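**Q** Let me begin by handing over the structure; questions about it come next.
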Amino acid sequence: MQPLSSRTHLALLAAVVAAAMLPALVPDYYVQFAAKVLILGTLAMALNLAVGFGGLVSLCHAAFFGLAGYVLVLAAPEYDAPSLLLTLPLAVGVTVLVALVIGVLSLRTRGVYFIMVTLAFGEMLFFLFHDTPIGGGSDGLFLYVKPVLAFGETILLDLDNPVTFYLVALLMTAGCWWFIRHLLSTPFGDALTAARDNERRALALGIPVFRVRLIAFVVSAALAGLAGYLSAAQFGFVAPQMLGWHLSATALVMVVLGGTRRVAGPLAGAFVVTGLEEVLKYFIDDWKLVYGLIVIALVLVAPGGLQDLARLAGLGRRASTPALKLKEANNVG
Amino acid sequence: MSADILEARGLGKRFGGLAACSDVSLSVREGEIHAVIGPNGAGKSTLINLLSGDLRPTDGTILLDGRDVTASGPHQRCQGGIGRSYQKTTIFPERTVFDNARLAAQATRPGALAMRCDGKRRAAVREAALAALAEVGLEGRADTPARAMSHGEQRQLEVAMVLATAPRLVLLDEPLAGMGHAEARRMTGLIASLKAGRGVLLVEHDMDAVFAIADRLTVMADGKVIASGTVEAVRRDPVVRAAYLGEAEEVA
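As they're listed, the protein sequences go chains A and B.
Under the UniProt record's numbering, think of the first position of the first sequence as 1, with each following residue one higher.
Under the UniProt record's numbering, think of the first position of the second sequence as 1, with each following residue one higher.
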């Protein structure tokens with residue numbers, strides 16, 4: 001991928017400034033909804049660093065997302081505001097350590113086996129919180145006071161304020177996009193995509209494939225943890241469902257619908273999936289049925305993401321390489 | 001005589017009960033082309049995979065510049081100076097020719113896994129990639145997608161990728177396989193030029209090409225070395241004539 005140009009930076013800045021206007025234009029409810037989309041979009045973009053660019057179809061990213069949320073709630077004092085500066089690095093740090101262990105063990109497998117092993121690890125974390133009292137069991141835990149960024153006595157950022165929260169989520173999403181996009185333009189990104197495209201050739205060129213994948217997996221987990229931290233802060237609540245495979249699969253659907261070849265694709269996927277859910281819930285009682293049918297229809301209409309996914313998981317035809325895909329691969333971003 | 005770049009001692013590889021390679025010893029010096037020939041199933045590809053690190057040997061030792069590299073994996077051997085091509089072309093077909101060479105050049109230079117962009121490093125990698133493409137005669141095709149090229153050109157590209165890693169030893173696994181006559185002749189010339197400053201180990205079925213460019217010849221059959229020496233000596237060896245060259249009086 002080409003290095004970030006100043007034009008891309010300007011476009012990113014313009015997009016952030018435009019998105020920052022939202023709270024002035026719509027009621028609070030939609031601001032909160034937008035923050036939720038940004039958080040899930042960040043989770044999906046983080047997942048896509050592993051899935052789309054690393055060729056590692058992981059089914060345990062919700063576990064990283066949920067784990068960081070649990071760490072925030074467990075580390076927070078019961079009646080005082082937790083410090084953002086303390087709890088955020090702690091939550092992401094714990095996620096990194098867990099991802100390192102899961103990565104070292106699961107990256108020894110490939111394709112479908114990797115999916116299964118990550119699924120198993122994700123479920124382990126789910127049941128760790130579901131079946132033991134550390135995180136309140138299946139009831140989950142409440143976060144009574146939202147995190148703040150304070151300097152001495154002055155409170156700089158209070159995540160309890162929905163507009164502040166939205167702006168923080170927006171900055172995180174933009175920062176996450178920038179970071180992934182930057183990473184892919186560096187030699188590390190080249191090594192990662194080379195290993196995805198042809199592991200044997202990558203090794204024969206001197207690329208330490210295992211180490212590269214492990215780093216990418218951990219970075220991707222850390223970004224998922226960042227999103228999970230904010231998600232727990234937004235709702236003031238964590239439950240085991242936050243770590244379960246269902247959310248992992250939903251994030252994967254966002255990745256597939258948004259497309260795996262663009263950094264921002266999964267963000268669009270998150271908007272479609274979350275928006276669809278929101279609209280359908282409002283109008284239809286059995287919304288999940290309709291939701292499922294619409295997702296199937298979307299995949300049938302725009303199968304690019306799903307085909308990519310199947311290819312990355314080592315399923316289906318390997319050789320099929322339409323000219324269009326090459327064009328996409330060249331001007332991703 | 002220059003020193004051995006690569007030395008294999010008593011190399012063996014067993015797959016269950018099958019000994020694909022047993023007690024193979026050979027060396028490659030700087031400035032020479034050492035060809036390995038033998039009938040199908042003789043263990044030539046296994047030998048190359050053992051030398052490149054794609055397979056781990058069950059017996060024996062591999063020395064690269066006198067250092068024991070038997071236990072190191074393929075990427076470590078590449079960093080140590082061994083570059084290889086595969087029997088089945090192994091490139092990045094979805095990328096351009098230049099990008100293929102660039103990835104190769106970048107992977108063996110300092111900052112191969114750097115997480116920041118560096119203009120100076122980028123320029124150096126670009127130069128090395130273009131030099132490697134020029135060496136195989138593909139400098140005019142830099143912007144072509146690799147999969148849009150002919151089979152022969154793709155094989156040339158694979159050699160360019162190997163060269164871009166700045167190897168001291170080049171392992172070529174049947175580089176002429178599936179090539180037309182003109183393409184094969186061009187590739188043979190290219191291989192002959194590779195030995196300047198490097199060692200080349202060549203596994204090839206095309207005897208005309210082997211006899212034309214090899215400096216030393218090792219003949220394998222059933223996973224063992226049955227003869228080794230200069231091209232003339234090996235061609236006169238009666239064991240080789242019986243086992244491999246068959247009844248033919250004049251093979252070249």
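Note that the Cβ used here is the ideal one computed from N, Cα and C, for glycine as well.
Predicted model, so just to flag it, every value in this text is computed and none were measured.
What separation, rounded to the nearest whole angstrom, lies between the Cα atoms of Gly-66 (chain B) and Gly-199 (chain B)?
**A** Approximately 15 angstroms, taken between the alpha carbons.
**Q** Quick check: the Cα distance between Ala-169 (chain A) and Lys-36 (chain A), rounded to an integer number of angstroms?
**A** Each residue's Cα considered, the two are about 8 angstroms apart.
**Q** Are residue 349 (chain A) and Ala-62 (chain A) closer than 7 angstroms when you measure CB to CB?
**A** Beyond the ends of chain A as shown, which are 1 and 333, falls residue 349 (chain A); an answer cannot be given.
**Q** Residues of chain B with CB closer than 8 angstroms to the CB of Val-92 (chain A), please, in chain order.
**A** The premise fails here: Val-92 (chain A) is roughly 17 angstroms from chain B at the closest Cβ pair, so nothing lies under 8 angstroms.
**Q** Using the Cα positions of Thr-118 (chain A) and Thr-250 (chain A), report the straight-line distance between them to the nearest angstrom.
**A** Those two C-alpha atoms are separated by around 15 angstroms.
**Q** Interface residues of chain A around Ser-52 (chain B) at Cβ under 8 angstroms?
**A** The answer, in chain order, is Ala-204.
**Q** Starting from the beta carbon of Cys-21 (chain B), find every residue of chain A whose beta carbon is closer than 9 angstroms, and list them in chain order.
**A** Under the 9 angstroms cutoff, chain A gives no residues; its nearest Cβ is about 19 angstroms from Cys-21 (chain B).
**Q** Short check: CB of Gly-259 (chain A) to CB of Gly-305 (chain A), under 7 angstroms?
**A** Yes, the pair counts as a contact, with Cβ atoms nearer than the cut-off.
**Q** When the Cα atoms are used, what is the spatial distance from Leu-4 (chain A) to Leu-40 (chain A)?
**A** Whole-angstrom Cα-Cα distance: 24 angstroms.
**Q** Please check if any C-beta of chain A sits within less than 7 angstroms of the C-beta of Leu-6 (chain B).
**A** So no, Leu-6 (chain B) is outside the interface.
**Q** Using 8 angstroms as the threshold, is the stretch 71-81 of chain B in touch with the stretch 205-215 of chain A, meaning 3 or more CB pairs across them?
**A** Yes, they touch.
**Q** Near Ala-196 (chain B), which residues of its chain fall below 6 angstroms by C-beta distance, leaving aside the five closest residues on each side in sequence?
**A** Contacts found: none.
**Q** Quick one: what's got a C-beta closer than 8 angstroms to Val-239 (chain B)'s C-beta in the same chain, skipping five residues either side?
**A** Excluding residues within five positions, the ones whose Cβ falls inside 8 angstroms are Ile-226 and Ala-227.
**Q** Please report the distance separating the alpha-carbon of Phe-178 (chain A) from that of Leu-257 (chain A).
**A** Reading off the sequence, residue 178 (chain A) comes out as Trp, not Phe. Approximately 21 angstroms between the Cα atoms of the pair.
**Q** Gly-111 (chain B) CB to nearest chain A CB: under 7 angstroms?
**A** With 7 angstroms as the cut-off, Gly-111 (chain B) counts as an interface residue toward chain A.
**Q** What is the DSSP secondary structure of Leu-257 (chain A), reduced to helix, strand or coil?
**A** Looking at Leu-257 (chain A) - three-state DSSP - the assignment turns out to be helix.
**Q** Report the three-state DSSP secondary structure of Leu-141 (chain A) (helix, strand or coil).
**A** In the structure shown, Leu-141 (chain A) sits in a strand (DSSP, three-state: E or B).
**Q** Taking only beta-carbon atoms, is Ala-14 (chain A) less than 7 angstroms away from chain B?
**A** False, the Cβ-Cβ gap to chain B never drops below 7 angstroms.
**Q** Identify the continuous alpha helix (DSSP H) that holds His-182 (chain A) and give its terminal residues.
**A** Here the alpha helix (DSSP H) through His-182 (chain A) covers 162-184.
**Q** I need the DSSP call for Leu-163 (chain B), collapsed to helix, strand or coil.
**A** Reduced to three states, the DSSP call for Leu-163 (chain B) is helix.
**Q** Report the three-state DSSP secondary structure of Tyr-30 (chain A) (helix, strand or coil).
**A** Helix.
**Q** Write down the C-beta distance between Ala-112 (chain B) and Ala-195 (chain A) rounded to the nearest angstrom, noting that I regard them as a contact closer than 8 angstroms.
**A** Their Cβ separation, rounded to whole angstroms, is 12 angstroms, which puts Ala-112 (chain B) and Ala-195 (chain A) out of contact at 8 angstroms.
**Q** Could you give the uninterrupted runs of the beta strand (DSSP E) lying entirely in the stretch 23-94 of chain B, keeping only those of 3 residues or more?
**A** For the stretch 23-94 of chain B, whole beta strand (DSSP E) runs of length 3 or above, ordered along the chain, are 33-37, 59-64 and 82-85.
**Q** State the Cα-Cα distance for the pair Leu-10 (chain A) and Arg-116 (chain B), rounded to the nearest angstrom.
**A** Straight-line Cα distance between these residues: approximately 20 angstroms.
**Q** Less than 7 angstroms between CB atoms is the rule here; does Ile-180 (chain A) satisfy it with respect to chain B?
**A** So no, Ile-180 (chain A) is outside the interface.
**Q** For Gly-12 (chain B), is the classification buried or exposed, using 16 other Cβ atoms within 10 angstroms of its Cβ as the cut-off for buried?
**A** Classification for Gly-12 (chain B): buried.
**Q** Which bits of chain B does Thr-186 (chain A) rub up against, with CB to CB less than 7 angstroms?
**A** Neighbours of Thr-186 (chain A) on chain B, chain order: Ala-114, Met-115, Arg-116 and Cys-117.
**Q** List the whole-angstrom C-beta distance separating Ala-132 (chain B) from Leu-163 (chain B), where the pair is believed to meet the contact cut-off of C-beta under 8 angstroms.
**A** Correct: roughly 4 angstroms between the Cβ atoms.
**Q** Quick one: list the residues of chain A neighbouring Pro-74 (chain B), beta-carbon separation under 7 angstroms, in chain order.
**A** Correct list: Leu-203 and Ala-204.
**Q** Applying the 10 Å Cβ sphere with the 16-neighbour rule, what's the burial state of Asp-28 (chain A)?
**A** With fewer than 16 other Cβ atoms within 10 Å, it is exposed.
**Q** At the level of alpha carbons, what is the spacing between Arg-147 (chain B) and Arg-95 (chain B)?
**A** The alpha-carbon atoms of Arg-147 (chain B) and Arg-95 (chain B) are separated by roughly 8 angstroms.
**Q** So Glu-204 (chain B) and Glu-174 (chain B) are in contact, right, with Cβ under 8 angstroms, and what is the actual spacing, rounded?
**A** Contact holds; Cβ gap of about 6 angstroms.
**Q** Throw me the rounded Cβ distance for the Ala-232 (chain A) and Val-73 (chain A) pair, which I believe falls under 8 angstroms.
**A** Indeed they touch by this definition, with Cβ atoms about 6 angstroms apart.
**Q** By alpha-carbon positions, which one of A:Ala-24, A:Met-1 and A:Thr-87 ends up nearest to Pro-147 (chain A)?
**A** It is A:Thr-87 whose Cα lies nearest to the Cα of Pro-147 (chain A).
**Q** For Ser-248 (chain A), write down the residues that DSSP places opposite it in a beta bridge.
**A** Its beta-bridge partners do not exist; DSSP assigns none.
**Q** Evaluate contact between the stretch 29-46 of chain B and the stretch 207-220 of chain B, counting only Cβ atoms and requiring at least three cross-stretch pairs below 8 angstroms.
**A** The answer is yes - the stretch 207-220 of chain B touches the stretch 29-46 of chain B, with three or more Cβ pairs under 8 angstroms.
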